[in-house]
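Beneath this line is the structure, given in structure tokens, with notes to follow.
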Ligand code: GAL
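Residue numbers (our numbering): 172 to 565.
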């Protein structure tokens, strides 16, 4: 980034949440678990004594939902780099190839081969029985389990003392993305430039992650809510509304926002196909689509590829453009932002997530409980869940 300023923005989030005020999501039937309030400090480090059980090299098996995911590849690469600093860990990485049956078998095999620690990026999110089954396998083998990135419920974590979750505050990315969108639209003449038909509404398409995934739900919900709250408070005279190019899902309560989207499933290829189809029936030069909001950078980049096919967002001087926002701040998205083909993103700290996984793994290797020495992290009050903060990218 040319001028990349990343704020570890707890204060910002809090103020954004205050701005949002009473905006609580409707509670759709299959809504993922809400982000929980965080404890100010973990205060029981002093009581975690090493147990004699371990205290040497351990085998830790990591099961990735798919090696094909761009953001998670960055987490894995950063973990591999950082593993050198943890000589007690022998970490083995497995590709579950987006198949839950494959992942469950891989976990069973690792247990049979005597693994000391399971580290699970679960394939099927939002399905209680799948996560409970993994916990049952871990408990049966008396092996601790770290879930990461793809959230499991508090009930799952609370059902087994030797389990934790390391991920993000799912709402936070949506709030930060909404702030970025509102700031962009309030900058200079952007509101009039990008409200192509000049009707006071910015029609967006929402490229959403998969159903049942907490990050997908809360990013979808809070991005639009936050942007609209900021635009209204500033008297900007424009409002985000869903484009007719979105589909409407009856899976969520009709709050007029969070049930309008296209399921891109975090994938650039799926996003490309969806936006390609949308553009064949909805004309951006007529204001049918005026903004692209994506739950992650890969989906944003897939949308940009589809826009390129109609001459939009090529980065060429004078080329027409839709603002496109993502989440993650992957290397490839940062390049697109520098090239002017993409507009903004939110920093997800993949290296920080990988390091937290290694730190907790090292607790096991050195005879401590999983949650020992975690006082520097944000931890939920209701379950052993660590939240790695996002950053705002300017
Ligand atoms: C999100 C990330 C996406 C994708 C997804 C997988 O945190 O933003 O790019 O990696 O996790 O569930």
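Each residue gets a CB set at the ideal place from its N, CA and C atoms; glycine is no exception. Fair warning: this is a prediction, and the values are worked out from it, not measured in the lab.
query = Hey, would you say the C-beta of residue 241 is under 8 Å away from at least one heavy atom of ligand 1?
reply = Yes, Cβ of residue 241 sits closer than 8 Å to a heavy atom of ligand 1.
query = Three or more beta-carbon pairs under 8 Å between the segment 423-438 and the segment 337-344, yes or no?
reply = Segments in contact, no.
request  = Assign residue 554 to buried or exposed, taking buried as 16 or more other Cβ atoms, counted over all protein chains shown, within 10 Å of its Cβ.
outcome  = Using a 10 angstroms sphere on the CB of residue 554, the tally of other CB atoms reaches 16 or more, which defines it as buried.
task = Excluding the 5 residues preceding and the 5 following residue 304 in the sequence, name in chain order all residues of the same chain whose CB lies nearer than 8 Å to its CB.
result = Cβ-Cβ distances below 8 Å link residue 304 to 275 in the same chain, with the five nearest sequence neighbours on each side left out; the list follows chain order.
ask   = Could you give the uninterrupted runs of the alpha helix (DSSP H) lying entirely in the segment 452-508, keeping only those of 4 residues or more?
value = Unbroken alpha helix (DSSP H) stretches of 4 residues or longer found wholly inside the segment 452-508: 468-480, given in chain order.
query = Under a Cβ-count criterion, where at least 16 other Cβ atoms within 10 Å of its own Cβ denotes burial, should residue 547 be classed as buried or exposed?
reply = Exposed, since its Cβ has fewer than 16 Cβ neighbours within 10 Å.
inquiry  = Does residue 566 pass the burial test, meaning 16 or more other C-beta atoms within 10 Å, or should it be called exposed?
reply    = The structure shown has nothing for residue 566, since the chain only spans 172 to 565.
CA-to-CA distance, residue 353 to residue 325, given in whole angstroms = Approximately 33 Å, taken between the alpha carbons.
query = Run through DSSP, which three-state label would residue 528 get?
reply = Here residue 528 sits in helix by DSSP.
Spatially closest choice to residue 510 from 487, 233, 302, by CA coordinates = Comparing Cα-Cα distances from residue 510 to each of 487, 233, 302, the minimum goes to 487.
request  = Please list, in chain order, all residues of the same chain as residue 459 whose beta carbon is under 8 Å from its beta carbon, the five residues on each side excluded.
outcome  = Taking residue 459 as the centre and dropping the five residues before and after it, the same chain places the C-beta of 374, 414, 415, 416, 453 closer than 8 Å to its C-beta, in chain order.
inquiry  = With a threshold of 6 Å on Cβ separation, who are the neighbours of residue 411 within its own chain once the five nearest residues in sequence on each side are excluded?
reply    = Contacts found: 373, 375, 395, 398, 399.
inquiry  = When you compare the segment 517-525 with the segment 487-506, are there three or more beta-carbon pairs, one atom per stretch, that lie closer than 8 Å?
reply    = The way I'd put it, the segment 517-525 does touch the segment 487-506; three or more beta-carbon pairs between them come closer than 8 Å.
inquiry  = Using a Cβ distance threshold of 8 Å, determine whether the segment 258-275 contacts the segment 317-337, with at least three qualifying pairs required.
reply    = Counting Cβ pairs under 8 Å, fewer than three are found: no touch.
inquiry  = Pull the bridge partners of residue 231 from the DSSP assignment, please.
reply    = DSSP, once it has assigned bridges, lists 262, 288 as partnering residue 231.
query = Any idea what DSSP makes of residue 326, helix, strand or coil?
reply = Residue 326: helix per DSSP, three-state reduction.
message = Just verifying my parser: in three-state terms, what is the DSSP assignment at residue 350?
response = In the three-state DSSP reduction, residue 350 falls in the helix class (H, G or I).
For residue 415, the three-state DSSP class (helix, strand or coil) = DSSP places residue 415 in coil when its eight states are reduced to three.
request  = Take residue 434 as the anchor and find which of 550, 466, 450 has the nearest alpha-carbon.
outcome  = For the set 550, 466, 450, the Cα lying nearest the Cα of residue 434 is the one of 466.
task = With hydrogens ignored, establish whether the beta-carbon of residue 354 is closer than 8 Å to any heavy atom of ligand 1.
result = The answer is no for residue 354.
key: Residues near residue 255 in its chain [Cβ-Cβ closer than 7 Å; skip 5 each side]   = If we look at residue 255 and ignore the five residues flanking it on each side, it has no Cβ neighbours.
query = To which residues of the same chain is residue 493 closer than 7 Å at the C-beta, ignoring the five residues directly before and after it?
reply = Around residue 493: 455, 460, 461, 462, 463, 478, 483, 484.
Residue 422, DSSP secondary structure in three states = In this structure, residue 422 counts as coil in the three-state DSSP scheme.
query = Ends of the beta strand (DSSP E) at residue 569?
reply = The first residue shown for the chain is 172 and the last is 565, placing residue 569 beyond what the model contains.
key: Inter-residue Cα distance where the pair is residue 556 and residue 378   = Here the alpha carbon of residue 556 sits roughly 27 Å from the alpha carbon of residue 378.
task = Measure from the alpha carbon of residue 357 to the alpha carbon of each residue in 445, 346, 418, 404, then state which is nearest.
result = Residue 404 is the option with its Cα nearest to residue 357.
task = Compare the C-beta of residue 377 with all C-beta atoms of chain D and state if any pair is closer than 9 Å.
result = The question asks about chain D, but that chain is absent: this structure has only one protein chain.
Integer Cβ distance of residue 525 from residue 246, believed to fall under 8 Å = About 5 Å separates the beta carbons of residue 525 and residue 246, which is inside the 8 Å limit, making them a contact pair.
query = Within 8 Å: the Cβ of residue 321 and any heavy atom of ligand 1?
reply = Under cutoff, so the answer is yes.
task = With a threshold of 8 Å, establish whether the CB of residue 296 neighbours any heavy atom of ligand 1.
result = Within 8 Å of the C-beta of residue 296 there is at least one heavy atom belonging to ligand 1.
request  = For residue 279, count neighbouring C-beta atoms within 10 Å of its own C-beta (all shown protein chains included) and say buried if the count is 16 or more, exposed if not.
outcome  = Exposed, because fewer than 16 other Cβ atoms sit within 10 Å of the Cβ of residue 279.
request  = Give the straight-line distance between the Cα atoms of residue 543 and residue 533, rounded to the nearest whole angstrom.
outcome  = Straight-line spacing of the CA atoms in residue 543 and residue 533 works out to 10 Å.
ask   = So is residue 248 buried or exposed if we call it buried at 16+ other beta carbons inside 10 Å?
value = By the 10 Å Cβ count, residue 248 comes out exposed.
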